[in-house]
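Those sequence lines, one after another, are chains A and B. For the first sequence, position 57 (counting from the first letter as 1) is numbered 57 according to our numbering, and the numbering increases by one without interruption. Each number in our numbering corresponds to the 1-based position in the second sequence with 124 added. Quick reminder that beta carbons are idealized off the backbone N, C-alpha and C, glycines included.
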Amino acid sequence: EVQLLESGGNLVQPGGSLRLSCAASGFTFSSFAMNWVRQAPGKGLEWVSSVLGGGSGTYYADSVKGRFTISRDNSKNTLYLHMNSLRAEDTAVYHCVKGGADGNGWGAYGMDVWGQGTAVTVSS
Amino acid sequence: DIQLTQSPSFLSASVGDRVTITCRASQDISSYLAWYQQKPGKAPKLLIYAASTLQSGVPSRFSGSGSGTEFTLTISSLQPEDSAAYYCQQLRSYPLTFGGGTKVEIK
């Protein structure tokens, strides 16, 4: 069974840092693009970042560019999101999401497996 | 950035009704569009990818159509378990974007 299990969410002060992790199982992790998508309380979905299977292609929403870094360790089947200079507006549930394929055309297959998410609260 | 406009933002329909949700893109995204269903307190679930391909395990009453800038998600016969929020997403180019969502209520 394909599973994604996020961890690392917490209450953090504005300006602080946090690292989210996502442990993947049940599929060949290195063969798929991976993503972070967040959802603020009572709001819609917001794409945060994507990384291709090999780890070299990374992409970010303008709202997090320069503050967040996505990475992956294919030897550990784990996805990460390093979050710096956190703001109140970063408060959300962060979902780890598997892309349906890898490479530049992976988007044709959508985001087919979602983790339950880990909650990040930025507040003093 | 590509903007997605979903309509309506809310709809209320009866069991058995045919329901249609529209998603308009601000520029041509070919067929790089996906639809997701999200129930309260749960993670989103992929329903449709490539605009019209039904994800494995999704009931056949769900269908998607369209290409370019205009897309629709149709539920042919609404069921009680279809009460949820529905989101479209474009995956043609970064930044990836979602529509604002449609909340479907069962009368």
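I'd like to know if residue i contacts chain B, where contact means its C-beta is closer than 9 angstroms to some C-beta of that chain.
i: Y94 (chain A); result: no
i: Q116 (chain A); result: yes
i: V2 (chain A); result: no
i: G54 (chain A); result: no
i: V122 (chain A); result: no
i: Y60 (chain A); result: yes
i: L81 (chain A); result: no
i: S25 (chain A); result: no
Is there a Cβ of chain A sitting closer than 9 angstroms to that of residue i, yes or no?
i: P183 (chain B); result: no
i: L202 (chain B); result: no
i: R216 (chain B); result: yes
i: K169 (chain B); result: yes
i: T196 (chain B); result: no
i: G225 (chain B); result: yes
i: S98 (chain B); result: What the structure shows of chain B is the stretch from 125 to 231, and residue 98 (chain B) is not part of that stretch, so it cannot be assessed.
i: F186 (chain B); result: no
i: T221 (chain B); result: yes
i: K163 (chain B); result: no
i: I172 (chain B); result: yes
i: Q151 (chain B); result: no
i: Q127 (chain B); result: no
i: A158 (chain B); result: yes
What first and last residue would you give for the beta strand (DSSP E) that runs through residue i?
i: S21 (chain A); result: L18 to S25
i: A119 (chain A); result: T118 to V122
i: T144 (chain B); result: V143 to A149
i: K166 (chain B); result: Taken as a continuous stretch (DSSP letters only), K166 (chain B) belongs to no beta strand (DSSP E), as it is neither H nor E.
i: F134 (chain B); result: F134 to A137
i: Q13 (chain A); result: From DSSP, Q13 (chain A) is part of no beta strand (DSSP E); its letter is neither H nor E.
i: V228 (chain B); result: T226 to I230
i: T28 (chain A); result: Per DSSP, T28 (chain A) belongs to no beta strand (DSSP E) and is neither H nor E.
i: S131 (chain B); result: L128 to S131
Would you please state the rounded distance, in angstroms, between the beta carbons of residue i and residue j? I believe it to be under 8 angstroms.
i: K214 (chain B); j: I126 (chain B); result: Strictly speaking, residue 214 (chain B) in this sequence is Gln, with Lys absent from that position. Right, their Cβ atoms sit about 5 angstroms apart.
i: N84 (chain A); j: S30 (chain A); result: With a Cβ gap of about 26 angstroms, N84 (chain A) and S30 (chain A) do not count as contacting.
i: F195 (chain B); j: A175 (chain B); result: 6 angstroms
i: L128 (chain B); j: T226 (chain B); result: Rounded, the Cβ-Cβ distance is 12 angstroms, inconsistent with contact.
i: A61 (chain A); j: V51 (chain A); result: Not quite, the Cβ-Cβ distance comes to about 13 angstroms (not below 8 angstroms), so this is no contact.
i: I230 (chain B); j: V143 (chain B); result: Contact doesn't hold; Cβ gap of about 10 angstroms is too wide.
i: L79 (chain A); j: F68 (chain A); result: So it is not a contact: roughly 13 angstroms between Cβ atoms.
i: L129 (chain A); j: A23 (chain A); result: In the structure as shown, chain A begins at 1 and stops at 124. Residue 129 (chain A) is therefore absent and cannot be evaluated.
Who are residue i's beta bridge partners in DSSP?
i: N35 (chain A); result: A:S50 and A:V97
i: L45 (chain A); result: A:Q39
i: E6 (chain A); result: A:C22
i: S157 (chain B); result: Before going further, note that residue 157 (chain B) is Leu rather than Ser in the sequence given. Answer is B:Q214, bridged to L157 (chain B).
Report the residue ranges of all beta strand (DSSP E) runs contained in full by the region 176-218 of chain B; include only those spanning at least 3 residues, in chain order.
-> 186-191, 194-199 and 208-214
Length at least 4, wholly inside the region 58-122 of chain A: the alpha helix (DSSP H) runs in chain order = none
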